[in-house]
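Q: In case it helps, this note's numbering puts the sequence shown at residues 5 to 309.
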Amino acid sequence: MNGEPATLSVVQLNAWLLAFPGFAYSRDYAKRRAILARELAATGADVLALQEVWRNGDKRRLEAELRELGYSHFLYTEHRFGLGDGLFLASKFPIRRIERGKVFRTVTRFVEFFPAKRAVAATLVHPAGEIDFYQTHLGSLLFDEREHAYDSRARRKLLGQLLEVAEFVRGHRRSDFAVLVGDLNFHYQEHVPGQGYRERYADEYTRFLEALAATGLRFTNSFLAANGMDATHPIAPTYSQANPYASLEFSTKPEETIDYVLHGEAHDFRARESTVIFRGPVSPEIPALSDHFGIRTVFSWPGKR
């Protein structure tokens, strides 16, 4: 007889912790950093996956604060030079089999030379079974606001990074329970210059899922799956003009879902619910937690017999 279904809740967020005084992209950095751990823990998620936690001091501080709030296992890398990869993982479950991928072989823009973006992997030791967990942050794409188009060469380079992530997953995978999260920096629908998004999947999205399928496990978009959506449905953006921080520099950039929680569909491992979170102001002084909204997904699968 089956027991109660097992569950795993995951939050994905690009935390936007850029600490450059006077720089537009550093707006309210100290204020947002001060309340980040509290806001994350309030989601009740078992696993917190962040990008753009750049400073070693911020990583250590965030770990200390989250330990006080119920998280006991962490994965991040302290760096000596540059910005590092900016990835930060906090979990209520033990983490083992940590693996850090190589820095991506190509970069999408000049500014992407400075961070060391890549993918990382770990195995979460959940009471109902081990879960392979992958996290990444891909290069950003330049959007020409006059032509209303993305740079085509940068898109090809981003596709190369996606295929590198899939190759990394293929080399690491051990479990049929798998989750892949991150800021992939592209929207899942096809973009037509000057026209906007079409109601069909982007080539990058389709080819990435095909490459992941070569691992022997079919991955799917948890947000779309949980909400009965596909490419024909309206966008639920995580990078939006509704966010005052996102609109600072990209006043005409399209609404985009660029943050993802993907999961492998095996043994009834399903996305039970998935929502876009952190969409409103944190306080009168802080209009948003980040320039990205986050995603919170709850997975479920049959309990042990």
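A virtual CB, placed ideally from N, CA and C, is assigned to each residue, including glycine.
Is it buried or exposed, proline 102, if we count other Cβ atoms within 10 angstroms and call 16 or more buried?
A: Translated into the one-based positions of the sequence shown, residue 102 becomes position 98. Checking the sequence shown, residue 102 turns out to be isoleucine, not proline. When all chains shown are included, isoleucine 102 counts as exposed.
Q: On a CA-only basis, which of Glu171, Phe303, Ala229 is nearest lysine 106? Give me that one, please.
A: Walking along the sequence shown from the start, residue 106 turns up at place 102. Per the Cα distances, Glu171.
Q: On the three-pair Cβ rule with 8 Å, is the segment 13-31 touching the segment 41-49?
A: yes
Q: Between the C-alpha atoms of glutamate 82 and asparagine 60, what's the straight-line distance to the nearest angstrom?
A: One-based indexing of the sequence shown puts residue 82 at position 78. One-based indexing of the sequence shown puts residue 60 at position 56. Their Cα atoms are separated by approximately 6 Å.
Q: Using CA coordinates, which residue listed in Ser76, Asp187, Thr261, His267 is at the minimum distance from tyrosine 205?
A: Within the sequence shown, numbered from 1, the residue matching residue 205 stands at position 201. Closest option to tyrosine 205, Cα to Cα, is Thr261.
Q: Name the two residues that bound the continuous alpha helix (DSSP H) containing phenylalanine 172.
A: Residue mapping note: residue 172 aligns to position 168 of the sequence shown, counting from 1. Phenylalanine 172 -> alpha helix (DSSP H) spans 156-176.
Q: What is the C-beta distance between tyrosine 264 and leucine 188, in whole angstroms, given that I count them as a contact (C-beta under 8 Å)?
A: Looking up residue 264 in the sequence shown gives position 260. Looking up residue 188 in the sequence shown gives position 184. With 8 Å as the limit, tyrosine 264 and leucine 188 qualify as a contact, their Cβ atoms being about 5 Å apart.
Q: Give a yes or no on contact between the segment 190-199 and the segment 142-156, applying the rule of three or more CB pairs nearer than 8 Å.
A: yes
Q: Going by DSSP in three states, asparagine 225 sits in which element: helix, strand or coil?
A: Walking along the sequence shown from the start, residue 225 turns up at place 221. The answer is strand: DSSP assigns asparagine 225 an E or B state.
Q: Reducing DSSP to helix, strand and coil, say where methionine 5 ends up.
A: Here residue 5 corresponds to residue number 1 of the sequence shown, with the count starting at 1. Low confidence applies to methionine 5: its pLDDT is 36, below 50, so where it sits in the model is not reliable enough to give any reading.
Q: On the three-pair Cβ rule with 8 Å, is the segment 156-164 touching the segment 88-104?
A: Judged by pairs of C-beta atoms under 8 Å, the segment 156-164 does not touch the segment 88-104, as fewer than three such pairs exist.
Q: Work out the CA separation of leucine 228 and arginine 309 for me, nearest whole Å.
A: Counted from its first residue, the sequence shown places residue 309 at position 305. Counted from its first residue, the sequence shown places residue 228 at position 224. Its pLDDT being 43, under 50, arginine 309 is placed unreliably in this model, and the value from its coordinates should be taken loosely. Cα to Cα, arginine 309 sits roughly 30 Å from leucine 228.
Q: Quick check: the Cα distance between arginine 300 and glycine 74, rounded to an integer number of angstroms?
A: One-based indexing of the sequence shown puts residue 300 at position 296. One-based indexing of the sequence shown puts residue 74 at position 70. Distance between the alpha carbons of arginine 300 and glycine 74 is about 18 Å.
Q: Quick check on DSSP: helix, strand or coil for aspartate 50?
A: Position 46 of the sequence shown, counted from the start, is the residue given in the question as residue 50. Residue state, collapsed to three classes: coil.
Q: Could you give the uninterrupted runs of the alpha helix (DSSP H) lying entirely in the segment 204-290, keeping only those of 4 residues or more?
A: 207-217, 226-230
Q: DSSP puts histidine 130 in a beta bridge; with which residues?
A: Position 126 of the sequence shown, counting from 1, holds the residue named residue 130. BP columns for histidine 130 point to Gly133.
Q: Suppose contacts are defined by Cβ-Cβ distances below 8 Å. Is histidine 184 in contact with leucine 266 by that definition?
A: Residue mapping note: residue 184 aligns to position 180 of the sequence shown, counting from 1. Residue mapping note: residue 266 aligns to position 262 of the sequence shown, counting from 1. In the sequence as displayed, the identity of residue 184 is leucine instead of histidine. Yes, the pair counts as a contact, with Cβ atoms nearer than the cut-off.
Q: Among Thr242, Tyr138, Glu8, whose alpha-carbon lies nearest the alpha-carbon of phenylalanine 282?
A: Locating residue 282 in the sequence shown gives position 278, where the first residue counts as 1. Selected option, being the one with the closest Cα: Thr242.
Q: Can you tell me where the beta strand (DSSP E) with asparagine 18 in it begins and where it stops?
A: Within the sequence shown, residue 18 is the residue found at index 14, counting from 1. Annotation: the continuous beta strand (DSSP E) that includes asparagine 18 extends over 10-21.
Q: With distances taken from CA atoms, which of Ile239, Gly48, Glu56 is nearest leucine 1?
A: The chain is shown only over 5 to 309; residue 1 falls outside these bounds and no answer can be derived.
Q: In terms of alpha-carbon separation, which member of His237, Glu67, Ala182 lies closest to tyrosine 201?
A: Residue numbering aside, residue 201 sits at position 197 when the sequence shown is read from its first letter. Tyrosine 201 has its Cα closest to that of His237, out of His237, Glu67, Ala182.
Q: Taking buried to mean at least 16 other C-beta atoms within 10 Å of its own C-beta, is valine 115 buried or exposed?
A: One-based indexing of the sequence shown puts residue 115 at position 111. Its Cβ having fewer than 16 others within 10 Å, valine 115 is exposed.
Q: Tell me whether leucine 252 is buried or exposed, calling it buried when 16 or more other Cβ atoms sit within 10 Å of its Cβ.
A: Within the sequence shown, the letter at position 248 stands for residue 252. Leucine 252 is exposed by the Cβ-count criterion.
Q: Taking the DSSP output, what are the residues bridged to tyrosine 312?
A: There is no way to answer for residue 312, as the model of the chain reaches only from 5 to 309.
Q: Which class does threonine 43 belong to by DSSP, given the choice of helix, strand or coil?
A: Working through the sequence shown from its first residue, we reach residue 43 at position 39. Correcting the residue identity first, residue 43 is glutamate in this sequence and not threonine. Of the three classes helix, strand and coil, the one that applies to glutamate 43 here is helix, per DSSP.
Q: Nearest to glutamate 56 by alpha carbon, out of Leu40, Phe92, Arg64?
A: If you number the sequence shown from 1, residue 56 lands on position 52. Considering only alpha carbons, the answer is Phe92.
Q: Could you spell out the range, first to last residue, of the alpha helix (DSSP H) harbouring alanine 68?
A: By 1-based counting over the sequence shown, the position of residue 68 is 64. From DSSP, the alpha helix (DSSP H) with alanine 68 extends over 60-72.
Q: From aspartate 62 to glutamate 72, what does the alpha carbon distance come to, in whole angstroms?
A: Position 58 of the sequence shown, counted from the first residue, corresponds to residue 62. Position 68 of the sequence shown, counted from the first residue, corresponds to residue 72. Rounded to whole angstroms, aspartate 62 to glutamate 72 spans 16 Å at the Cα level.
Q: In chain order, what residues of the same chain lie with their CB nearer than 6 Å to the CB of leucine 167, ignoring the 5 residues before and after it?
A: Along the sequence shown, read from residue 1 onward, the residue named residue 167 stands at position 163. For leucine 167, where only same-chain residues beyond five positions count, the Cβ hits under 6 Å are Ala215.
Q: Please state whether DSSP places tyrosine 201 in a helix, a strand or coil.
A: The residue labelled residue 201 in the question sits at position 197 within the sequence shown. Correct three-state label for tyrosine 201: strand.
Q: What's the gap between the Cα of glutamate 259 and the Cα of glutamine 193?
A: As a working mapping, residue 259 is identified with position 255 in the sequence shown. As a working mapping, residue 193 is identified with position 189 in the sequence shown. The alpha-carbon separation between glutamate 259 and glutamine 193 amounts to approximately 11 Å.
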